[in-house]
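Under the UniProt record's numbering, think of the first position of the sequence shown as 1, with each following residue one higher.
Quick reminder that beta carbons are idealized off the backbone N, C-alpha and C, glycines included.
Fair warning: this is a prediction, and the values are worked out from it, not measured in the lab.
Scroll down for the structure; my scribbles are underneath it.
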Amino acid sequence: MSRIDVVLSFSYAKGSIGAAYYDAATQTIHLFDDRIEDRDFMLVDGILEAADPTKVLANRNQDPDFLAHLARYCCVPEFGQEFPGSSDMEEDVDDEDEEGHLDPKSFTTIRRKDDGTANSREDGDDEDEDTVPETQQPREFDVDEDENLDQHAELVVLPNKAYKMDRAHRRVAHLLQASESSDAEQQTRFRFRFDLEMINMFRALGSLLLYLDSIRFGVERSNLAAEIPVKGIQKFTASRLVDMDKATFKALGIFLFTGKDEPRYRSLAAVQDHNRMSLFSLCDRTRSSLGRLMLKRWFEQPTGDMGTLQKRLATVKFLADEGNGDIAHFLHINLRKIISVRSILRRLAASKMKSSDWNPLIYSSRSMCNIGTFIKKRRSRLPLVDDLLPYFDEEVEAATNLFSTMIDVQRTSEEGRLALNRGIDPDLDFKYDAVASFASNTSFLRKQSLIESQTFGFAVHIAYTHSFKFTTVIEEAYFKETNPLITQCLYVDDGNYYVKTELTELLDEKFGHYNNEILDTERSAETRLTGLLKENAGKLLKMTRAIALLDAALSLAKVGRELGWCCPTLVEQSVIDADGAFHPLAALSLKGHFVRNTIRSNDDYTKVKIFTGPNASGKSIYLKMVGLITYLAHIGSFVPAERATIGPVDRLITRVYTVDTVLDGFSTFAHDIKQISTAVSRATKNSVVVIDEFGKGTLTEVGLAVLTSILNHWIRRVHDSPHVFVSSHFHALPSLIHKDPEVLSFHAMDAVILGKQLEFKYKVVDGLATSSYATHMAAEMGIPEAIVARTQEIYDQLCEGVSLLGVRHDDVEQVENERMLRAVRTILPRFLAFSKRKKAVRLLLRVGELALFAIASERVLPYLVHAATVETEASVRGRAIHAITQLLAAVEPQTHEEAATFMEYLLPKYDAIANETRTDSMAHMALAVCLGRIADTAHRYMIASRSLQSTAVDDEVSGAEPANEGTRHEKEATALFKAISGIFVHLCARGNEIKQCLVDRESLQKLHRFAVAVQGADQGFPLDHMVTFFNIREDWRLRAFFFDSLPHCVFNKKNVEALRSLFEQGIIEFEEMVVVKAINCIVHLTRVDLLEKETVNELFPRLAPSVSRRPGIASEASPIRRGRSAMDPPFNLPLPAGFSGGLPPFIVPPQLPQPSHVDVQRIPRHLDIKQSYKAFRQLVGIRYDELARELGLTNDEQTMLLNGTAENTEQLCTLWGRIQPLLPGLVKQLRERQAAAKKAKEQAKYQRRKLKKAAQAEATAQENAVPVPKEPKEKSE
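Encoded structure:
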C-alpha cells in the first residue's frame, strides 16, 4: 500500500537548517524555522521523522556530508559524488521560463533499485540512463532487503537557482496574493505570516513551490492555468524537539547575542563581576571547543525525549556527586587538551592533510584514549556515553601510540613534511645526521673545500643543496669556462659560479642519494600511517562525540553543584511543580539575597494563573523563573530549586520581550499580537505559555478585551489547557474572566506599606492585589510630591466613579501666584522702611526670584531701579545693580510686552548710570562687572520677545510681509548692540579700577558672544576699545589684564595679526607680570591656530635682553619696575594698522584724558646689562670664556660685562649695543652644533654595536661546527 505523497524540501547553509513540506492529503504547507545544526544532523533526522516524506528535495551545491546523510535516509547506499558541495550557495545562471517555472530536466531524481543500488535520472528521461557511478559504502547504513521498496523516499537534487531568495519571495508572494487586496495589505499579510530572517526556511519553501509547479503536482489532469491547491500554512517542529522562537530565547535571557559567540567566564566570580550575563554564559564551564559546541547545541535544541533527558540527568548527577570528585577532576584536566578532529579527517579524505595536523591529532587522540581507559577501569555509570565507550578500544590506542612513536611532531611542524623519530632505523638516523651535516659548514665540507682548492690552485669551497647536491663554488674573478677541471656549470648566483667537478660527482655518488632515500622512507611511512588513520577515522569521530557529551555534562554538573541547584524529577504527567524555586540570573546578581517561591501547575491544582501586583514587585522575574526552570529541565540540567517535578513540554511560548524594529513596519502591539497568535494556535496541554503585561501598546479597553478573550478560550479547554502564567495591571480583568476554580487561580506579589515607604516581599501569595501602588513608586523614583499628590487625587476620583472629563482641574499654580502677589504688596512697604538699605535690596531680590516675571517687573523691579539710580549711598547703588542683574537672569518673560521691558526701560537706566558725572565708583564698578551678564540677558530677552510675538494671535502681525519682519528684527538687534557698546565705551572713560572690572574674563566672554550673535563675526567689539588700555602709563595691571583677556575677544587670524605690535611691546615690558601674561596669550593663540608659528619664532628672540627679570633665572634680585626708561618704546600707541575698523561708526568715542607724569623708581642701566648678560649665559649653557670667544670679546670687555660699575654705564651701553644683535644668531649656531655632536655620537655607538654583533655571530658559527658522521658497518646476514 503506497503512502500519501509528502514532498519535503531542505535548505542547509552556514550551519543552519530550514525546511518546508507539502502534504497532499490535507493540501497544507508546513514550515520549520531556522535552527542551528551540527555535523551529526540529528535535527535533520527529527525533521524527517516528523514529516515522513515520500520525496526529499535538496540543493545540489550543498554540503556533501548533508547530501550523503539524506541519501542514507532514502536508502541510496551507493549515491555518488557527482554533485560537488558548497555551503556558500553560489547562484547559477537563471534560465527559468516566462512563468517562473523551472525546467524539469534540471532535476535529478535518485531512486533505489531492486538490487539495492542507486538509480539516477533526469526527470523526463528514461530510467535506465545516467546511472550514478559507484562510490564507497556510506557509514552505518544497513539495507533491509525484505522491506517494501515503496516505503523509501526519493531524493530529488535541484539546481542552485531553485533556492534563490528573490525567486522564492516572488513565488510565496504569489501564493498569498488576493485579488480584492491592495499592495499594502498584501505586504502586511506577508510580513505577518513569514519571518524573512529565517533565510533557509524561506529558501526551502520557495524551492518546494517551484518544484511542485514544475511537475504540476496534484493538478496533472487539470487545466494548465490551474495552480497547486494550498489550503493552509502551518508551523511544525522536529520530532522530540521543544518548540521555542528567538523572542523566547531573548526574553528568558538564554542568549545575549543571536548568531554571535556568547561571553565566556571561567569561574562563578568572573560571572558575578559582569552586569550583562546570559544563562548560557552562566552554565558554560566547558574545557574544550567540542564541549562548548555540544552545550550550545543542547541550549539551542531543548528536547522532549525523556530517554535522552534521563541519560543526561543521570550523567550530570553522577559528575556532580562529591564522591565522584576524582573522576570529574580527571576529566577537567584532560578535556582541555582535546580539539575537534573532524576537519583533519575531512582533509585526510580529500588527500589535503597538512603536516601541522599530526601534532593536535596525536595530542587529542592520546587524551581521548586516556579518558576512555580511565572510565572503563573505574566502571563509571555514565549513561550518556555508554553506547560510545566501545569505540575507545585497544586498536585506536595502539594506533595513537604508533603515531606518537613514529612521528617527530616538532620537526614535522618545522620542516612542513612528515618527519620520523630517531631510534626507529639506525640507517635512517645515519642519513638524517649526514644530511644535517651537509647543510651546515662542518669540518667535512671544509676539508673537501681544502682538497678542491689545492686542485684548482685558488680558494674555492664546497656547498650542498637538496636539488643540486654537492657543488663547487668559484668566484667570478677566478672562473674560466675552459677550465678542464669543470665538468658542468650549473648556475650563477651573486657573482659565484656553481659547478660540478670530479670530486663533487664522487661525493654525489657516495652521499648524494641520502636525502632522496630519506624522503622515500618518510613518504612510505606516511602512506602507511594515513591508511591506519583512515581505518580508525570512524572510531575517532565517535570518540570526539563522546568527549563533547562528557564535557557538556561536566559543565552543567559544575554549575549545579556550585549554585546549589537540584536534580529535577521527570514524569510523564503534565505537571510543573517546584519548591524553593528562584531565578538563576537574578539570584546571582543579588549574591544570595533573593526570595524563593513555589510553582504549582497541574491538573490537580490549576493550569491558568493570573498574577497582579505593583511595578518592581517581582512579577516578571517570577514568570521568567517558571520558563527557565522548565527550559533547563528539558536540556538535561539541574534546575534552580530545592525540589522540582517536571512533565513533558512540547512548546515554550512567551510574550515577555517585544523586539521592535523600524524595518518591518510593525507597531509594538502588532508584535505582541503576532507572538500571542502563535500561543493561541499552537499551544497544547503540554505547552507552557508566559504572558507578561499584554496589551500595553494600545487602548486599555482593546488590550483588556483581547487578553480576556484569550484567557477564556484556554479556561474552557479545562484539563487540555496549556500551563499559562499571566501578569497584568488590568484590575478589571478578574471581573470579566470566566472563573473556573479547577483551571484558574489568582496570585499576587506581596507588598506592605511601612509609614510612607513601600516594601516589597517578592513572595507569591494567593489572591488579588488591592492597589498598584503607582504613586509610591513615583515618589521613590524622584517625582515631585506635588505631582504625586495630584496623581493620587485623580486616581481617587476615578475610583469614586468620576469620569476623566469630570475630574477637577489642577489650579494650584494660579492660587500660588495670587498668594505671592498679595504677599509682595504687603511686604514691599516694610522693606522700603528699613534703615539698612543694603539688607532691603537683598530681601527684594529674594522675593523677586520667587515670583513670576509679571510680579517681579511690576512690583520688585521699580524699587531696585530706584535704589540703583536715586539712592545716595554708593554701596547700596552697587548692590542694587547686582540684584537687578541676578533677578532678570533668574526669571523668564511670559509675554512679548514683558520681554520688551528690558530694552525699553532698563537699558536707558544703565546708560544714564554710565554717563553720570559724579564720582561714584561703586555703581560704575558694579555695572562694569555685570555688563557681560546684562548683554547675555538682553540677547535672551530679545529672542524670547520674537518667539512670543510670532506665536501671539495678532492679525496685523500675522499678515505682515517676511521682509518687513526681518528688517524690524535687524533694527532691534542694531539698537541693542548700540546700547550695550555705548555703555562699554562710557565705562572705558572711567578710572583704572573700573577698567579692571570691565575686563573680567567671564564678562568679556559673554560680551564677545553677544557681539557675534547680534552683529556677526566682523565686529571688533569689545577689542577695539580695549586697545586704548595700552595708552595708560601709570597702571601696568591694565596691560596685564588686556593680555589675560585677549584670547576671549578674538575670533580670526586677521585680528590677531593686527595685534603684532602690541605683542612686541608686551614681551619687552619691564613689568614681569605683563611679560608672563603676554607669553601665555601668544602660546594660547598659537595652540588654537589663530597665530602663525613663524610670527612666534620672530617674537620670542626679543625676550633675550629682558630674560634676567624672570623668576628663577636672574642671578641678582631686581626690584619691580612700574615705569619705563628712555630707551623703551612710547606709551601712546595708535590703533594697529589693518585692525578691524576701530570704533563702530554710530558711537562717538569719549575724549580720554592724557596720563600725567609719575616719578617711579628705576633699575640702574649698568645692573640691567650685567643681569641680561649673565642670564643669557645660563640660557645657552656654556662657560664665560667660551661665550666671550663666540662674541669676539676681549678679556677687559668680559670683565666689564661681569664686574662693571655705575662709572662704566656709557661703555657698557656701547658694548651691549654691539653684541645684542649677535645673540639670536649665536643661539641658533649653538643649537646646530649640539645637534651635530649628538648625531655623531649616535653613529659611533651604532658602529660599535654592529662590530660586536658580527664578532658574536662568528664565534657562534665556530662552536656549532660538527664533523660528518662515519658510515656504519654493513650488517651480517
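Quiz item: Smallest Cα separation from V172: which of L208, M244, H152, T471?
Solution: For the residues L208, M244, H152, T471, the minimum Cα distance to V172 belongs to L208.
Quiz item: Taking the C-alpha atoms as reference points, what is the distance between P159 and R167?
Solution: Our two residues, P159 and R167, have alpha carbons roughly 13 Å apart in a direct line.
Quiz item: If we ignore side chains and look at the alpha-carbon of each, how far apart do I884 and V1076 end up?
Solution: About 37 Å.
Quiz item: What does a CB cutoff of less than 6 Å around Q1154 pick up in its chain, not counting 5 residues either side in sequence?
Solution: With a pLDDT of 36 at Q1154, under the threshold of 50, the predicted position of this residue should be treated as unreliable, and no value is reported.
Practice problem: Name the one or two DSSP bridge partners that K696 has. | Solution: Per DSSP, K696 has no beta bridge partner at all.
Quiz prompt | Cβ neighbours of K235 in the same chain (closer than 6 Å, five flanking residues each side left out) | solution = Contacts found: L31.
Practice problem: Could you check how far apart the C-beta atoms of Y497 and C489 are, in whole angstroms? I think they sit under 8 Å. | Solution: Beta-carbon to beta-carbon, Y497 and C489 are separated by about 6 Å, close enough to satisfy the 8 Å threshold.
Exercise. Report the residue from M925, R285, P614 whose alpha carbon sits nearest the alpha carbon of A880.
Key: Considering only alpha carbons, the answer is M925.
Self-check item: Cβ neighbour criterion (16 or more within 10 Å) applied to F458
Solution: Looking at its Cβ environment, which holds fewer than 16 other Cβ atoms inside 10 Å, F458 is exposed.
Quiz item: Span of the beta strand (DSSP E) holding T472?
Solution: Annotation: the continuous beta strand (DSSP E) that includes T472 extends over 469–475.
Quiz item: Span of the alpha helix (DSSP H) holding N496?
Solution: For N496, no alpha helix (DSSP H) segment is defined; the enclosing uninterrupted segment is the beta strand (DSSP E) at 496–500.
Practice problem: State the CB to CB distance for the pair V608 and L744, rounded to an integer number of angstroms; the pair is presumed to be in contact (CB under 8 Å). | Solution: The distance from the Cβ of V608 to that of L744 is about 5 Å, consistent with a contact at the 8 Å cut-off.
Self-check item: Minimum C-alpha distance to S617 - residue among V649, F730, Y762
Solution: For the residues V649, F730, Y762, the minimum Cα distance to S617 belongs to Y762.
Exercise. Note down the Cα distance separating L1085 from I1219, rounded to an integer number of angstroms.
Key: For L1085 and I1219, the distance between alpha carbons rounds to 32 Å.
Practice problem: Label V7 either buried or exposed according to how many other C-beta atoms from any shown protein chain fall within 10 Å of its C-beta, with 16 as the threshold for buried. | Solution: Looking at its Cβ environment, which holds 16 or more other Cβ atoms inside 10 Å, V7 is buried.
Practice problem: Kindly indicate the opening and closing residues of the alpha helix (DSSP H) around V559. | Solution: Annotation for V559: the continuous alpha helix (DSSP H) segment containing it runs 537–563.
Self-check item: Span separating the alpha-carbon of residue 1287 from that of L1251
Solution: The question about residue 1287 has no answer, for the chain in this structure spans 1 to 1277.
Exercise. Provide the residue span of the beta strand (DSSP E) that contains Q757, from first to last.
Key: It spans 757–766 - the beta strand (DSSP E) in which Q757 sits, taken as one unbroken run.
Quiz item: Ordered along the chain, which non-local residues of its own chain (more than five positions away) have a Cβ less than 6 Å from that of residue 1307?
Solution: Given that the chain is displayed from residue 1 to residue 1277, the structure contains no residue 1307 and the question cannot be resolved.
Quiz item: Mapping DSSP to helix, strand and coil, what is C75?
Solution: Coil, per DSSP.
Self-check item: Runs of beta strand (DSSP E) lying entirely within the stretch 674–734, each at least 3 residues, in chain order
Solution: Within the stretch 674–734, the complete beta strand (DSSP E) segments at least 3 residues long are 688–692, 723–727, listed from N- to C-terminus.
Practice problem: Work out the CA separation of Y211 and K354 for me, nearest whole Å. | Solution: C-alpha separation (whole angstroms): 42 Å.
Quiz prompt | Range covered by the alpha helix (DSSP H) that runs through Y363 | solution = Here the alpha helix (DSSP H) through Y363 covers 358–378.
Quiz item: Assuming V1074 and F1043 make a contact with CB atoms under 8 Å, what is their CB distance in whole Å?
Solution: Contact flag correct, Cβ pair sits at about 7 Å.
Quiz item: Does DSSP put G1217 in a helix, in a strand, or in coil?
Solution: Of the three classes helix, strand and coil, the one that applies to G1217 here is helix, per DSSP.
Quiz item: Ends of the alpha helix (DSSP H) at T455?
Solution: The continuous alpha helix (DSSP H) containing T455 extends over residues 443–456.
Quiz item: In whole angstroms, what separates the C-alpha of L1090 from that of A1235?
Solution: When rounded, the distance between both Cα atoms is 31 Å.
Exercise. Counting only runs of 4+ residues fully inside the stretch 765–793, write out the alpha helix (DSSP H) ranges in chain order.
Key: For the stretch 765–793, whole alpha helix (DSSP H) runs of length 4 or above, ordered along the chain, are 774–780.
Practice problem: Spatial neighbours of R203 within its chain, please: CB distance less than 6 Å, with the 5 preceding and 5 following residues excluded, ordered by chain position. | Solution: The beta carbon of R203 sits closer than 6 Å to the beta carbons of S11, Y163, A168 from its chain, once the five residues preceding and following it are set aside; these are given in chain order.
Quiz item: Is it the case that the Cβ atoms of G647 and Q573 are separated by a distance below 7 Å?
Solution: Contact flag set, yes.
Quiz item: If you run the structure through DSSP and keep just helix, strand and coil, what is T521?
Solution: Assignment of T521 by DSSP, reduced to helix, strand and coil, places it in the helix class.
Quiz item: When you compare only the Cα positions, how much space is there between A1259 and T412?
Solution: Distance from the CA of A1259 to the CA of T412, rounded to the nearest whole angstrom, comes to 30 Å.
Exercise. Go through its chain and collect everything with a Cβ distance to R682's Cβ below 8 Å, but skip five positions before and after it.
Key: If we look at R682 and ignore the five residues flanking it on each side, its Cβ neighbours are K235, D243, R651, I653.
Quiz prompt | Endpoints, the alpha helix (DSSP H) within which A51 is located | solution = Counting along the chain, the alpha helix (DSSP H) containing A51 begins and ends at 42–51.
Self-check item: In DSSP terms, what V156 is bridged to
Solution: Under DSSP, V156 forms a beta bridge with L57, T109.
Quiz item: What residue does the alpha helix (DSSP H) around A1188 start on, and which one ends it?
Solution: Unbroken alpha helix (DSSP H) run through A1188: 1184–1191.
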